[in-house]
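*Asks:* Structure provided below as structure tokens; questions to follow.
Protein chains: 2
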Amino acid sequence: MKAAPEREVDRSVSQTVKAQLALRDQILSGSLRPGERISELQAVETTGASRTPVRMALVRLEEEGLLEAIPSGGFMVKAFSERDISDSIELRGTLEGLAARFAAERGVSARELEPLKECLAAIDELLRQVPISIEAFSSYVALNARFHALLTELSRSPPLIRQIDRASALPFASPSGFVMAQSALPEAQQILIIGQEHHRVVIDAIENREGARAEAVMREHARLAVRNLRLALRNRTHLDLLPALALIKTATD
Amino acid sequence: MKAAPEREVDRSVSQTVKAQLALRDQILSGSLRPGERISELQAVETTGASRTPVRMALVRLEEEGLLEAIPSGGFMVKAFSERDISDSIELRGTLEGLAARFAAERGVSARELEPLKECLAAIDELLRQVPISIEAFSSYVALNARFHALLTELSRSPPLIRQIDRASALPFASPSGFVMAQSALPEAQQILIIGQEHHRVVIDAIENREGARAEAVMREHARLAVRNLRLALRNRTHLDLLPALALIKTATD
DNA sequence: GTGGTTGCGTTTGTATACAACAAATTAGAT
DNA sequence: ATCTAATTTGTTGTATACAAACGCAACCAC
Numbered sequence: 002m003k004a005a006p007e008r009e010v011d012r013s014v015s016q017t018v019k020a021q022l023a024l025r026d027q028i029l030s031g032s033l034r035p036g037e038r039i040s041e042l043q044a045v046e047t048t049g050a051s052r053t054p055v056r057m058a059l060v061r062l063e064e065e066g067l068l069e070a071i072p073s074g075g076f077m078v079k080a081f082s083e084r085d086i087s088d089s090i091e092l093r094g095t096l097e098g099l100a101a102r103f104a105a106e107r108g109v110s111a112r113e114l115e116p117l118k119e120c121l122a123a124i125d126e127l128l129r130q131v132p133i134s135i136e137a138f139s140s141y142v143a144l145n146a147r148f149h150a151l152l153t154e155l156s157r158s159p160p161l162i163r164q165i166d167r168a169s170a171l172p173f174a175s176p177s178g179f180v181m182a183q184s185a186l187p188e189a190q191q192i193l194i195i196g197q198e199h200h201r202v203v204i205d206a207i208e209n210r211e212g213a214r215a216e217a218v219m220r221e222h223a224r225l226a227v228r229n230l231r232l233a234l235r236n237r238t239h240l241d242l243l244p245a246l247a248l249i250k251t252a253t254d
Numbered sequence: 002m003k004a005a006p007e008r009e010v011d012r013s014v015s016q017t018v019k020a021q022l023a024l025r026d027q028i029l030s031g032s033l034r035p036g037e038r039i040s041e042l043q044a045v046e047t048t049g050a051s052r053t054p055v056r057m058a059l060v061r062l063e064e065e066g067l068l069e070a071i072p073s074g075g076f077m078v079k080a081f082s083e084r085d086i087s088d089s090i091e092l093r094g095t096l097e098g099l100a101a102r103f104a105a106e107r108g109v110s111a112r113e114l115e116p117l118k119e120c121l122a123a124i125d126e127l128l129r130q131v132p133i134s135i136e137a138f139s140s141y142v143a144l145n146a147r148f149h150a151l152l153t154e155l156s157r158s159p160p161l162i163r164q165i166d167r168a169s170a171l172p173f174a175s176p177s178g179f180v181m182a183q184s185a186l187p188e189a190q191q192i193l194i195i196g197q198e199h200h201r202v203v204i205d206a207i208e209n210r211e212g213a214r215a216e217a218v219m220r221e222h223a224r225l226a227v228r229n230l231r232l233a234l235r236n237r238t239h240l241d242l243l244p245a246l247a248l249i250k251t252a253t254d
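Structure below.
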């Protein structure tokens, strides 16, 4: 179809993935409002894909947790309460805690721990500068995500890894979901330092095969993210840095 | 299409759901072997639905965890190791533990606890007879599933409930996954009695707002299921009662 | 005036046709 | 005989056409 026959980028990824990414962007950017029914036909127009891949993308986004199936058919954008979000974060923390415990109890070789330690050192380097620049915050987000991914893998449990990935799919539940939002807060640096301490402790615990300690510290680590969330929501100055803002339902809804 | 124009049952549920159920049955019954690529065209024949709903069903079954996407396209039946299964059970136990803790910490009214207690009493009634009949085992499975569902809801956390449902979707990870398999084992009755004690304790803990205790006992409860799994696998006499048997990959694979 | 019914328009669910891709097999050449 | 290359077959991904269902609105009857 279409006047432009094929662009290379179109062929490299499937239309389904393209539609999924486009729709996710629309949802997170707020183009599609929570509670609103998503019209397939409209999605076809905005994404450029045809109905079949759009439909596929909608199903995947539902499984991802961003959409909700309407009983009579079709999908709507899901709305989240503040408690939904904090619960999702604590949920992720609980799963990461289990992963850390598995890693500690089952044992991890020094070789496997190496990338984690490198990541830790890189974050240390980043935190050395005061005050922390916006660019440093971006780097932190990337390194933090990497740390969490590596840690998750240490569990060597495919079912658990899979479940953690799913729990982190919600943008506000991901390990670095609210880091950027608090970049301008005065407490920002302290929080980052505390978080890094958690990283350090969990590695130590895993190294010494202290399962309970590793689990506990990862849970506490997630509580820190919940605190970030609260801070960011109270202090709405830099809320525009948050993509998922549009999904939070206020008390008036 | 087809010679038989329409059966009422066909029209009541969507073709997608029909295909999903049919394919799940085929997977769990072993008609489709682990590692084997699922041919859409073949699925169209066996399910009676057309390619579009079949495709939809395949996507959903992948999200469910029964299928795995092949990089070059299409899906294959996933194979699970024994550790995958025990990890999945422990994963569910961890999530149920979190649900119990939420319920305990956030408080539950006597009214909300009522159905749980009724369920508990019904199981008590069931366990009174010795030895326990096969029919009683079936009733137990249903009541046990109900108990776990009610308990999960007590958390009043939609994200957590959702995640628990997903974790329990794998048939062998569900609360009653291995109960039937051990129905003929000599230890059967003891295990059921111990499980029921866990049920009793978790309710008591929630009532007294003892979050840590509620969480711990639900985790232990899942460990009991892991023990069931081990027993059932070692003692392969009644393994035919297990639907998911075909998915377990042996050491030789 | 209100309630029910009917008809239309838009929606989703389903089927199928088409095209691009991947793999396998066969033929040819060295 | 073996390796390479090309063709062929069967696969999935995509697009579109069709049908049924739902919602809405207008109109008629009571």
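Line by line, the protein sequences give chains A and B. In terms of my numbering, the first sequence opens at residue 2 and continues consecutively. In terms of my numbering, the second sequence opens at residue 2 and continues consecutively. Glycine included, every Cβ here is placed at the ideal spot set by N, Cα and C.
Starting from residue 243 of chain B and walking both ways along the alpha helix (DSSP H), at which residues does that stretch end?
*Replies:* One-based indexing of the second sequence puts residue 243 of chain B at position 242. First-last for residue 243 of chain B: undefined, no H or E at that position.
*Asks:* Among all the DSSP beta bridges, which residues are the ones paired with residue 227 of chain A?
*Replies:* One-based indexing of the first sequence puts residue 227 of chain A at position 226. In DSSP, residue 227 of chain A forms no bridge with anything.
*Asks:* Where do the ends of the beta strand (DSSP E) carrying residue 92 of chain B lie?
*Replies:* Taking the first residue of the second sequence as position 1, residue 92 of chain B is located at position 91. Per DSSP, residue 92 of chain B belongs to no beta strand (DSSP E); it is in the alpha helix (DSSP H), 83-107.
*Asks:* So, under 8 Å CB-CB, residue 1 of chain B and residue 201 of chain B are touching, yes? Tell me the CB distance rounded to an integer number of Å.
*Replies:* Residue 1 of chain B is absent from the structure shown; chain B starts at 2 and stops at 254.
*Asks:* Please list, in chain order, the residues of the region 79-96 of chain A that have any C-beta partner in chain B closer than 9 Å.
*Replies:* Going along the region 79-96 of chain A in chain order, one finds 81, 82, 84, 85, 86, 88, 89, 91, 92, 95, 96 with a Cβ nearer than 9 Å to chain B.
*Asks:* Please list the partners that residue 64 of chain A has in chain B, where partner means a Cβ-to-Cβ separation under 7 Å.
*Replies:* The residue you call residue 64 of chain A lines up with position 63 of the first sequence. In chain order: 64.
*Asks:* Just list the residues that DSSP pairs residue 77 of chain B with in beta bridges.
*Replies:* Here residue 77 of chain B corresponds to residue number 76 of the second sequence, with the count starting at 1. Paired residues: B:38, B:69.
*Asks:* Give the single residue among A:197, A:187, A:234 whose Cα lies nearest to the Cα of residue 223 of chain A.
*Replies:* As a working mapping, residue 223 of chain A is identified with position 222 in the first sequence. Nearest option by C-alpha distance: A:197.
*Asks:* Is the region 84-92 of chain A touching the region 170-188 of chain A, taking contact as three or more C-beta pairs under 8 Å?
*Replies:* In short, these stretches touch, since the Cβ pair count reaches three.
*Asks:* Since residue 225 of chain B contacts residue 95 of chain A with CB under 8 Å, what's their CB separation in whole angstroms?
*Replies:* For this step, residue 225 of chain B is matched to residue 224 along the second sequence. For this step, residue 95 of chain A is matched to residue 94 along the first sequence. Not confirmed; about 20 Å, so no contact.
*Asks:* Going along chain B in order, which residues have a C-beta closer than 7 Å to the C-beta of residue 161 of chain A?
*Replies:* Residue 161 of chain A sits at position 160 when you count from the first residue of the first sequence. In chain order: 88, 92.
*Asks:* Anything in the region 50-76 of chain A with a Cβ closer than 8 Å to a Cβ of chain B? List those residues in chain order, please.
*Replies:* Under the 8 Å Cβ criterion, the region 50-76 of chain A contributes 53, 56, 57, 60, 61, 64, 66.
*Asks:* How would you write the range of the alpha helix (DSSP H) that residue 140 of chain B sits in, first residue to last?
*Replies:* Counting from one through the second sequence, the residue named residue 140 of chain B turns up at place 139. Segment 135-155, the alpha helix (DSSP H) holding residue 140 of chain B.
*Asks:* Compare the C-alpha of residue 64 of chain B against each of B:78, B:73, B:53, B:52 and name the closest.
*Replies:* As a position in the second sequence, residue 64 of chain B is number 63, starting the count at 1. Cα-wise, what sits closest to residue 64 of chain B is B:78.
*Asks:* Closer than 7 Å, Cβ to any Cβ of chain B: which residues of the region 28-52 of chain A, in chain order?
*Replies:* Those residues of the region 28-52 of chain A that come within reach of chain B (Cβ to Cβ, closer than 7 Å) do not exist; the list is empty.
*Asks:* Any idea what DSSP makes of residue 129 of chain B, helix, strand or coil?
*Replies:* As a position in the second sequence, residue 129 of chain B is number 128, starting the count at 1. Helix.
*Asks:* Please state whether DSSP places residue 189 of chain B in a helix, a strand or coil.
*Replies:* In the second sequence, counting from the first residue as 1, residue 189 of chain B sits at position 188. Correct three-state label for residue 189 of chain B: helix.
*Asks:* Note down the Cα distance separating residue 51 of chain B from residue 48 of chain A, rounded to an integer number of angstroms.
*Replies:* Position 50 of the second sequence, counted from the first residue, corresponds to residue 51 of chain B. Position 47 of the first sequence, counted from the first residue, corresponds to residue 48 of chain A. One C-alpha to the other measures close to 26 Å.
*Asks:* Pull up the distance between the alpha-carbon of residue 136 of chain B and that of residue 119 of chain A, whole angstroms please.
*Replies:* Here residue 136 of chain B refers to the residue found at position 135 when the second sequence is read from its first residue. Here residue 119 of chain A refers to the residue found at position 118 when the first sequence is read from its first residue. In a straight line, the C-alpha of residue 136 of chain B is about 58 Å away from that of residue 119 of chain A.
*Asks:* Mind checking if residue 206 of chain A is an interface residue toward chain B, Cβ cutoff 8 Å exclusive?
*Replies:* Translated into the one-based positions of the first sequence, residue 206 of chain A becomes position 205. Taking Cβ atoms only, chain B never reaches closer than 8 Å to residue 206 of chain A, which makes this a no.
*Asks:* Does the beta carbon of residue 164 of chain B sit closer than 8 Å to a beta carbon anywhere in chain A?
*Replies:* For this step, residue 164 of chain B is matched to residue 163 along the second sequence. So, interface residue.
*Asks:* Which residues in chain A have a C-beta closer than 7 Å to the C-beta of residue 158 of chain B? List them in chain order.
*Replies:* To locate residue 158 of chain B, count along the second sequence from 1; it is residue 157. In chain order: 88.
*Asks:* Check whether the region 100-109 of chain A and the region 176-184 of chain A touch, using three or more Cβ-Cβ pairs below 8 Å as the test.
*Replies:* Because the criterion of three Cβ pairs below 8 Å is not met, the region 100-109 of chain A and the region 176-184 of chain A do not touch.
*Asks:* Mind checking whether residue 76 of chain A and residue 59 of chain A have CB atoms under 8 Å apart?
*Replies:* As a first step, residue 76 of chain A is located in the first sequence; it is residue number 75 there, counting from the start. As a first step, residue 59 of chain A is located in the first sequence; it is residue number 58 there, counting from the start. For residue 76 of chain A and residue 59 of chain A, yes; Cβs fall inside 8 Å.
*Asks:* Given that residue 99 of chain A touches chain B, what residues does it touch there, using C-beta distances under 8 Å?
*Replies:* What you label residue 99 of chain A is simply residue 98 of the first sequence in a count that begins at 1. Under the 8 Å cutoff, chain B gives 91, 92, 95.
*Asks:* Got a sec: is the Cβ-Cβ distance from residue 215 of chain A to anything in chain B below 8 Å?
*Replies:* Your numbering for residue 215 of chain A matches position 214 in the first sequence. Output row for residue 215 of chain A: interface = no.
*Asks:* Tell me which residues share the same chain as residue 117 of chain A and place their Cβ nearer than 8 Å to its Cβ, disregarding the 5 neighbours each side in the sequence.
*Replies:* Locating residue 117 of chain A in the first sequence gives position 116, counting from the first residue. Result list for residue 117 of chain A: 148, 151, 152, 155, 204, in chain order.
*Asks:* Just by C-beta distance, which residues in the region 162-196 of chain B are closer than 9 Å to chain A?
*Replies:* Residues 163, 164, 167, 168, 171, 174.
*Asks:* For the putative contact between residue 38 of chain A and residue 71 of chain A, defined by C-beta atoms under 8 Å, what is the C-beta separation to the nearest angstrom?
*Replies:* Working through the first sequence from its first residue, we reach residue 38 of chain A at position 37. Working through the first sequence from its first residue, we reach residue 71 of chain A at position 70. Contact holds; Cβ gap of about 6 Å.
*Asks:* Compute the beta-carbon to beta-carbon distance between residue 157 of chain B and residue 107 of chain B, rounded to the nearest angstrom, for a pair I have assumed lies under 8 Å.
*Replies:* Within the second sequence, numbered from 1, the residue matching residue 157 of chain B stands at position 156. Within the second sequence, numbered from 1, the residue matching residue 107 of chain B stands at position 106. With 8 Å as the limit, residue 157 of chain B and residue 107 of chain B qualify as a contact, their Cβ atoms being about 7 Å apart.
*Asks:* Do residue 161 of chain A and residue 140 of chain A have their beta-carbon atoms positioned less than 8 Å apart in this structure?
*Replies:* Taking the first residue of the first sequence as 1, we reach residue 140 of chain A at position 139. Taking the first residue of the first sequence as 1, we reach residue 161 of chain A at position 160. Contact: no.
*Asks:* My output table needs one value for residue 196 of chain B: the three-state DSSP class, helix, strand or coil.
*Replies:* Locating residue 196 of chain B in the second sequence gives position 195, counting from the first residue. Three-state DSSP puts residue 196 of chain B in a helix.
*Asks:* Quick check: the Cα distance between residue 111 of chain A and residue 159 of chain A, rounded to an integer number of angstroms?
*Replies:* Taking the first sequence and counting its residues from 1, one reaches residue 111 of chain A at position 110. Taking the first sequence and counting its residues from 1, one reaches residue 159 of chain A at position 158. Near 21 Å, if we compare the C-alpha coordinates of residue 159 of chain A and residue 111 of chain A.
*Asks:* Measure the alpha-carbon distance for residue 66 of chain A versus residue 62 of chain B and round it to whole angstroms.
*Replies:* Within the first sequence, the letter at position 65 stands for residue 66 of chain A. Within the second sequence, the letter at position 61 stands for residue 62 of chain B. Using only the alpha carbons, I get a separation of about 16 Å.
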